[in-house]
Amino acid sequence: MKKKTQLIHGGIVGDQYTGAVSTPIYQVSTYKQDGVGNFKYEYSRTGNPTREALEALIRDLEGGHAGFAFGSGMAAISAVMTLFKAGDHVVFTDDVYGGSYRLMTKVLHRFQIDVTFVDTSDAEKVKAAIQENTVAIYVETPTNPLLKVTDIRQMKEVAAEKSLLLIVDNTFSTPYYQNPLELGADIVVHSATKYLGGHSDVVAGLVVVNSKELAEQLHFIQNSVGGILGPQDSWLLIRGIKTLGLRMEQTERNTQAIVEFLKDRDDITTIYYPGLPSHPGHTTHLQQANGFGGMVSFDVGSGKRAEDVLRKTTFFTLAESLGAVESLISLPAKMTHASIPPERRQELGITDGLVRISVGIEDAEDLIEDLKQALEA
Ligand SMILES: *Cc1c(COP(=O)(O)O)cnc(C)c1O
Numbered sequence: 011m012k013k014k015t016q017l018i019h020g021g022i023v024g025d026q027y028t029g030a031v032s033t034p035i036y037q038v039s040t041y042k043q044d045g046v047g048n049f050k051y052e053y054s055r056t057g058n059p060t061r062e063a064l065e066a067l068i069r070d071l072e073g074g075h076a077g078f079a080f081g082s083g084m085a086a087i088s089a090v091m092t093l094f095k096a097g098d099h100v101v102f103t104d105d106v107y108g109g110s111y112r113l114m115t116k117v118l119h120r121f122q123i124d125v126t127f128v129d130t131s132d133a134e135k136v137k138a139a140i141q142e143n144t145v146a147i148y149v150e151t152p153t154n155p156l157l158k159v160t161d162i163r164q165m166k167e168v169a170a171e172k173s174l175l176l177i178v179d180n181t182f183s184t185p186y187y188q189n190p191l192e193l194g195a196d197i198v199v200h201s202a203t204k205y206l207g208g209h210s211d212v213v214a215g216l217v218v219v220n221s222k223e224l225a226e227q228l229h230f231i232q233n234s235v236g237g238i239l240g241p242q243d244s245w246l247l248i249r250g251i252k253t254l255g256l257r258m259e260q261t262e263r264n265t266q267a268i269v270e271f272l273k274d275r276d277d278i279t280t281i282y283y284p285g286l287p288s289h290p291g292h293t294t295h296l297q298q299a300n301g302f303g304g305m306v307s308f309d310v311g312s313g314k315r316a317e318d319v320l321r322k323t324t325f326f327t328l329a330e331s332l333g334a335v336e337s338l339i340s341l342p343a344k345m346t347h348a349s350i351p352p353e354r355r356q357e358l359g360i361t362d363g364l365v366r367i368s369v370g371i372e373d374a375e376d377l378i379e380d381l382k383q384a385l386e387a
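Its first residue numbered 11, the sequence shown is counted upward by one per residue in the numbering used here.
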């Protein structure tokens with residue numbers, strides 16, 4: 011089955027009881043048992059048919075053993091991290107999503123799960139960061155907001171040498187463009203709030219694992235900790251995912267046109283987009299993904315100018331988040347990455363003038379015109 015077909019026909023389709031073509035929203039907490047202990051579903055934290063349809067769909071899209079749906083991307087990532095115990099150590103991509111950085115340094119730190127942040131695009135740095143107690147490598151590729159690319163196959167080699175788990179945050183590329191499990195990862199996580207949902211109307215997280223053992227462990231955690239996704243939001247995600255292919259392709263066409271426009275301007279100092287042949291991760295990304303997606307960051311020179319630009323766009327809505335049908339614009343240093351200390355932001359290259367755009371599926375001409383007037387105002 012090809013990708014766009016799988017988006018429609020993957021997982022559990024429709025309803026076996028009524029023949030409904032759209033998976034119904036099973037708005038239910040508990041289920042009647044046919045005699046004690048004789049049931050298909052017991053309680054909706056443990057299992058719900060609408061959530062199950064979504065979990066089967068993401069499992070199929072990522073080519074894994076089992077999928078799990080959570081109330082947010084952070085709930086999904088937290089659940090994965092509770093596979094580990096006090097004294098364990100995880101190597102993380104350095105310019106990781108701000109919320110993941112905060113989770114590791116401010117919350118899990120208190121439970122003695124230790125972390126080292128390194129530039130995972132450099133395998134030697136990852137090897138050097140591995141300790142006696144390291145249990146996993148956690149990679150985001152491409153990253154947010156600098157679109158740095160890590161070679162997933164190479165990370166698999168490094169992880170396999172020491173029997174470490176390889177976890178990949180695939181939010182930016184989506185399963186439409188990149189399948190980390192097929193490249194050797196053990197666990198994939200998604201903020202489904204972004205491209206998978208795609209319409210800025212649901213907060214959700216998804217996890218897919220590659221083995222029966224991990225599936226059993228994660229199901230146990232999901233049921234024990236309880237951060238599940240409700241049936242309404244599960245249905246919204248299934249609906250969003252059906253058009254993922256169409257949206258990603260339009261987003262990418264628009265993004266390429268915008269990058270061409272930005273490239274020709276001398277009032278922009280740097281453009282971060284893996285689709286640019288000059289991008290350091292360009293070749294690696296091409297070897298592991300089928301598309302470059304719709305995230306671009308560019309430096310307009312100063313924080314003051316960046317704020318002016320952000321105030322003046324019309325079709326680019328000033329907002330956090332990304333991956334929706336509408337284009338969004340943001341200032342990472344003051345928004346998504348504000349929780350990262352200023353000196354660390356400088357180290358990473360997240361300058362005050364760095365503007366991040368999430369390109370939507372509007373007409374490219376309108377988007378370019380909008381950026382042009384904002385940059386020239
Ligand atoms: C948004 C995001 C998250 C967190 O997801 P939420 O759904 O907001 O909890 C994690 N990783 C990446 C790359 C993200 O963009």
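Yeah, the Cβ is synthetic: ideal placement off N, Cα and C, and Gly gets one too.
Mapping the DSSP letters down to three states, classify residue i as helix, strand or coil.
i           : result
residue 336 : coil
residue 99  : strand
residue 250 : helix
residue 230 : helix
residue 183 : coil
residue 397 : The requested residue 397 is not part of the displayed model; the chain covers only 11 to 387.
residue 323 : coil
residue 78  : strand
residue 168 : helix
residue 369 : coil
residue 238 : strand
residue 46  : coil
residue 31  : coil
residue 136 : helix
residue 265 : helix
residue 257 : helix
residue 14  : helix
residue 66  : helix
residue 384 : helix
residue 299 : coil
What number of angstroms, rounded off, separates the C-alpha of residue i from the C-alpha of residue j?
i           : j           : result
residue 33  : residue 369 : 30 Å
residue 18  : residue 333 : 20 Å
residue 9   : residue 52  : There is no way to answer for residue 9, as the model of the chain reaches only from 11 to 387.
residue 193 : residue 244 : 27 Å
residue 251 : residue 205 : 8 Å
residue 226 : residue 196 : 14 Å
residue 27  : residue 83  : 31 Å
residue 375 : residue 271 : 10 Å
residue 288 : residue 282 : 9 Å
residue 306 : residue 228 : 34 Å
residue 174 : residue 156 : 26 Å
residue 91  : residue 198 : 12 Å
residue 217 : residue 118 : 19 Å
residue 341 : residue 363 : 8 Å
residue 189 : residue 367 : 24 Å
residue 114 : residue 292 : 29 Å
residue 68  : residue 76  : 8 Å
residue 315 : residue 224 : 48 Å
residue 313 : residue 210 : 27 Å
residue 339 : residue 328 : 5 Å
Excluding the 5 residues flanking residue i on each side, which residues of the same chain have their C-beta closer than 6 Å to its C-beta?
i           : result
residue 123 : 94 and 98
residue 295 : 159 and 284
residue 22  : 63 and 66
residue 387 : 322
residue 346 : 108 and 330
residue 349 : 108 and 112
residue 150 : 103, 106 and 179
residue 169 : 147 and 176
residue 280 : 309
Quick one: does the C-beta of residue i sit closer than 7 Å to a heavy atom of ligand 3?
i           : result
residue 332 : The ligand content of the structure shown is limited to ligand 1, which means ligand 3 is not among them.
With DSSP as the reference, identify every bridge partner of residue i, one or two as the case may be.
i           : result
residue 53  : 40
residue 150 : 179
residue 309 : 364
residue 124 : 99
residue 201 : 215
residue 328 : 339
residue 144 : 99
Could you name the residues of the same chain whose beta carbon sits closer than 7 Å to that of residue i, not counting the 5 residues immediately before and after it, in chain order?
i           : result
residue 266 : 285
residue 104 : 127, 128, 129 and 358
residue 201 : 83, 181 and 215
residue 184 : 205, 206, 254 and 258
residue 325 : 337, 372, 376, 377 and 380
residue 319 : 310, 365, 384 and 385
residue 164 : 133
residue 212 : 203, 243, 246 and 247
residue 61  : 79, 238, 239, 241 and 244
Near residue i, which residues of its chain fall below 8 Å by C-beta distance, leaving aside the five closest residues on each side in sequence?
i           : result
residue 275 : 385
residue 57  : 51
residue 121 : 96
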